[in-house]
Amino acid sequence: MPPYEKNDVAEEFLMEADKKDEDMSQNRPSMKQLNLLVKDVVSHSTWWDLYGVDLTIMFANFALLPISLFLIGSGCIPLFATGYLLFSYVHATFTVKLAHAAVHNALAGSSHFFNRLLSVFFIEIWGGFTEQGSFEAHIQLHHPYTNVIGLGDSSSWRAPFLGRFTYLFIAPLSMPLFNTAIGITLLTGRWYSIARFLCIATAGYIMHFCLFRYLAGLSLLGTILCMITTRSVFAIPYIHVNIFQHIGLPMYDVKKRPRRLYQLASAALNLPRNPLLDYSFGHSIISCHVEHHLFPRLSDNMCLKIKPVVSSYLKNNSLPYNEATYMNQLSKFYNNYDELMVKAPPITELIGIQ
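If you read the sequence shown in the UniProt record's numbering, its first letter stands for residue 1, the second for the next number, and so on.
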C-alpha cells in the first residue's frame, strides 16, 4: 500500500508555491489573502458542514443498495428498470464523488487511515481501478501541475484516433471493460502493486457477481450484463465533465507558469449546479471545481459553502473565474473537436503583471 507521506510531498509543493506567491505579490491578490477568507469560513463551520453532510450521503447510498437489488430481482420490468438505474446511481456516487473525496483525504474527517480505507473500497473494489495509480495521477500530478504541459495537462483524456461522435457518445460506454487494464498500465513495473491491485479488484468483481446473482437472483447472463452496463450509465457525462473543466483553457510551460492563484483560477472551470450530477459526481467536480483546485482538502459540502467567497474574491480582483453550461461546453467540444482533442494544445504566454 502506498505510504500516506506522498500526500505530504504534494502539500509541501503547494505550500512552497504559495510562499513564492506571497514574496512576489505583497500588494496584489494572493493565495494568502484568499486563504485567510476561506479559513474564516471553515473556522465558523460545524462538523456537520465539514464532514457530516457528505458522510450522510455515503451512508444513504449504502442504504439504497439493498433496495436497488430487491427491485432488480422483482421480476417486474418497471421495478427492474427503477432498481437498475438506482444501482447505477449508487455505483457512480461510490466511484466518483466518494472515491474522489476519500483520495483527497476529505471524506472521513482528517483520518488518513479511514480515508485510505474508503479510497481503496470505492476505487478498487467498486470501480475496478487502481487507488495507487489514481493517487499518483490525480494528487501528485494533476493538482500541483494543473494545465502544465506534459504533467497535469489532462492529455490522458485525449484519444485522437477516435472521431468526435465516437469519443463523446460511444467510447465512454466501453470504459468498464478497460478500467482494470488501464489501472495495470499505471502500475507498470511494480509487480507487487499490480498483484495487490488485481487481488482486490477481483474480489470486487466477485462481490458484484454475488450481489446480482444471489441477492437479486438474476441469471448468469443477466448478472454479467448488469455488472458491465450499470458501470456505463454515467460514463458519458463522466467523460464530458472531465474534459470540459480543463481542456480548452490556458496551458502553461512548467518553467513559465504564472503565480499559483492565477494558474488555478485560469485553468479550471465550473459547470452549473445539476440535481443529478451534484450528488453522484460531487460539487467539487461539477459546480465548485475552481474552489476544489484552490482548496483540494475541503469536503464537497465545504467547497459549496466557500464558493461565494472565492468567486467574489477572484471577480473583485479581476482574476479569471471560468463558468459555462454543460450544453455550451458540449457544443464547443463537438464543433472544435480537432482543435481541442486532437492537436497539441498551445502554450499560453502571459505578459505584464501576471
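Just so it is clear, CB atoms sit at the ideal spot from N, CA and C, and this is done for glycine as well.
Cβ atoms of T325 and P272 come within 8 Å of each other, at about 6 Å. Under DSSP, E323 takes part in a beta bridge, and its partners are N270. The three-state reading of DSSP puts V233 in coil, since its state is none of H, G, I, E or B.
For the options L79, N301, T46, the alpha carbon positioned closest to that of L107 is the one of N301.
Under the three-state reduction of DSSP output, V290 falls in the helix class.
With a cutoff of 8 Å on beta-carbon distance, L269 and E323 are scored as near each other.
When the five nearest sequence neighbours on each side are left out, the beta carbons in the same chain lying within less than 7 Å of the beta carbon of S68 are those of G83, L86, F87, V90, in order along the chain. Secondary structure at T46: coil, using DSSP grouped into helix, strand and coil. By the criterion of a C-beta distance shorter than 6 Å, L294 is surrounded in its chain by L264, once the five residues flanking it on both sides are discounted. With a beta-carbon spacing of about 5 Å, H289 and Q245 fall inside the 8 Å limit used to define contacts.
For Y252, the secondary structure class from DSSP, reduced to helix, strand or coil, is strand. In this structure, DSSP gives G133 a helical state, which the three-state scheme calls helix. DSSP lists Y252 as the bridge partner or partners of V148. In the three-state DSSP reduction, G282 falls in the coil class, being neither helix nor strand.
Exclusion of the five residues before and after V41 leaves K305, I306, V309 as the residues of its chain whose Cβ lies within less than 7 Å of its Cβ.
In this structure, DSSP gives D40 a helical state, which the three-state scheme calls helix. A Cβ-Cβ distance of about 22 Å is found for the pair F122 and I243, leaving them out of contact under the 8 Å criterion.
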